[in-house]
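One structure is given below, encoded as structure tokens.
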């Protein structure tokens, strides 16, 4: 029996639940899709760890989603997108989309003076992935990047509108603002929750590129192109995590912008 | 051939490299000991995760140290001490010391007004371990506790003497300072590096209990009592981590208060 591939679910994973900001945008743009989400909350964060370890964890995450008969993989994590995409492409015969290329494309379109700023975790910034991809799109562009390891903990603490968060942002962003960037890529799936603070600190002259939004739009374009878009039925989200925490379903609501969600704990096989 | 147990090494583990603050105090008090340290840097932090997951990780850490013929285990991690000690005691036939009991004893000795504050990670505070142990020592004592999830990231970012750190501390400590605690337990192995900021915010009336210091003194007493103390030869430290990061050896130096240290990466078996 031939399977209707377009009707199969999309697998989305992240180191934790930050990737739900991508799911939220996917729900908006892809209302008929079944989404299976995995957050590796037992080993979160990835952004402070080495490329080798992040790649190993990402392959274990993808292997779980592959058992769920997904038609495509979305790596809703900048750190994993920066390190693991080639290996994921090799191991799993699935269309695989990361968050970095869509963000680089959007930044290229948004900048007027050719100077782009990128903020992200240590792993993302150290990888140089944004610089490389922006450079491949347009060699004339200049990228200034800054690792911001305190922003994820601030989001998880819920200090979204807080003077400490503004002070931290001022310190992180000062060099690139002084340097004259006119476009800033929010290169971590947690950062869309800080959009207001970031806009306040960066000022109205700086365009913000939300890599969750741009990733969802990219996935939509690509699935359509590959005739994999679900076009009927009601969409859904199933959330899996590797560490069942009290606050996960409440935080899932914060990231998805709705009520709290049922969350199921799974154990990952070690590859 | 009977082995000289006192000459065997001591195994110390933590979720990351924060536990080196305990090692530093052990080196001071136990100059002849061989110390084998394991930092589970691939899965750090433990303090944001569930008791079940922390216990599973702690058992895997201890299993690695057990293969190194250690004479005793030191759980240099408040989160793991709070959750995993009973299970570790059951699985491994080794004298096992955590950081929480020594801190509770020291706080009981330090307080004059009977009101003790405890700061730590979410896992440590949620466990209620300090309250339970302080209560068993002296039922008259009152404990007020506060989870401070931003402090570990601030230490790891190196913002040890920084106005943002002081602002975060003011917010976290305000309720217990208003409530009148006269003793504050630094219930996380990262916090000794913030001692000066904490003292500045808490004021001179509040006694600080450093759980790294009190743990090392407790291990010394207990090993002596059990005739397991090494009394000759030069001490040493061997550091193992589960994720080899660029900055680990430099950060190890920061925590140990000396030059950078050679660090070896190991893979943990899954139990």
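Chains as they are written, first to last, in my numbering: chain S, 1 to 271; chain H, 1 to 271. For each residue, glycine too, the CB sits at the ideal point set by N, CA and C.
Item	Value
Close beta carbons around residue 233(S), own chain, < 7 Å, minus the five adjacent residues each side	32
Proximity winner among 112(H), 95(H), 113(H) and 117(H), relative to residue 103(H) (alpha-carbon distances)	117(H)
Three-state secondary structure (DSSP) of residue 74(H)	strand
In chain order, each alpha helix (DSSP H) run of at least 4 residues that lies wholly inside the region 201-269 of chain H	211-225 and 248-256
For residue 146(S): DSSP bridge partner residues	119(S)
Residues from the region 118-142 of chain H in contact with chain S, defined by Cβ distance under 9 Å	122 and 126
For residue 124(S), the three-state DSSP class (helix, strand or coil)	helix
Distance between residue 14(S) and residue 262(S) (C-alpha atoms, nearest Å)	17 Å
Under 7 Å between C-beta atoms of residue 353(H) and residue 94(H)	Outside the shown range of chain H, which is 1 to 271, sits residue 353(H), and nothing can be said about it.
Limits of the unbroken beta strand (DSSP E) element including residue 183(S)	183-187
Nearest to residue 56(H) (by Cα), restricted to the options 257(S), 259(S), 242(S) and 249(S)	242(S)
Residue-level contact to chain H via CB, residue 169(S), 7 Å cutoff	no
Partner residues on chain S for residue 164(H), Cβ-Cβ distance less than 9 Å	150, 164, 167, 168 and 171
Inter-stretch contact at 8 Å, needing at least 3 Cβ pairs: the region 5-13 of chain H / the region 74-81 of chain H	yes
Outcome for residue 149(H) when other beta-carbon atoms lying within 10 angstroms are tallied against a minimum of 16	buried
Any 3 or more C-beta pairs closer than 8 Å across the region 133-148 of chain S and the region 253-260 of chain S	no
Within-7 Å CB hit, residue 1(S) to chain H	Its pLDDT being 41, under 50, residue 1(S) is placed unreliably in this model, and the coordinates cannot settle the point.
Contacting residues, own chain, Cβ-Cβ under 8 Å from residue 196(H) (five flanking each side not counted)	160 and 161
The region 204-216 of chain H contacting the region 17-31 of chain H, beta-carbon criterion three pairs below 8 Å	yes
Beta-carbon proximity of residue 167(S) to residue 164(H), cut-off 7 Å	yes
Whole-Å CB distance - residue 218(H) paired with residue 97(H), under 8 Å assumed	6 Å
Runs of beta strand (DSSP E) wholly within the region 28-54 of chain S (minimum 3 residues, chain order)	34-39
Residue 243(H) at chain S interface by Cβ criterion, 7 Å	yes
DSSP state of residue 19(S) mapped onto helix, strand, coil	coil
Straight-line gap, residue 87(H) to residue 216(S) (C-alpha atoms, nearest Å)	44 Å
Per-residue burial, residue 231(H) [other beta carbons within 10 Å of its own, 16 or more giving buried]	exposed
For residue 14(S), three-class secondary structure by DSSP	strand
Through-space distance from residue 125(H) to residue 1(S), alpha-carbon basis	At residue 1(S) the pLDDT is 41, less than 50, meaning the model places this residue with poor confidence and gives no usable figure here.
Backbone CA spacing between residue 190(H) and residue 151(H) [nearest angstrom]	8 Å
Same chain, Cβ closer than 6 Å to residue 53(H), neighbours up to 5 away in sequence not counted	none
Exposed unless 16 or more other CB atoms sit within 10 angstroms - verdict on residue 45(H)	buried
For residue 97(H), the residue or residues it bridges with in DSSP	74(H)
Other residues of its chain near residue 66(S): CB distance less than 6 Å, five sequence neighbours each side excluded	92
Chain-ordered chain S contacts of residue 43(H) [CB-CB under 8 Å]	42 and 43
Best match in 248(H), 265(H) and 268(H) for proximity to residue 259(H) [C-alpha to C-alpha]	248(H)
Contacts that residue 153(S) makes with chain H (C-beta to C-beta distance below 7 Å)	149, 150 and 153
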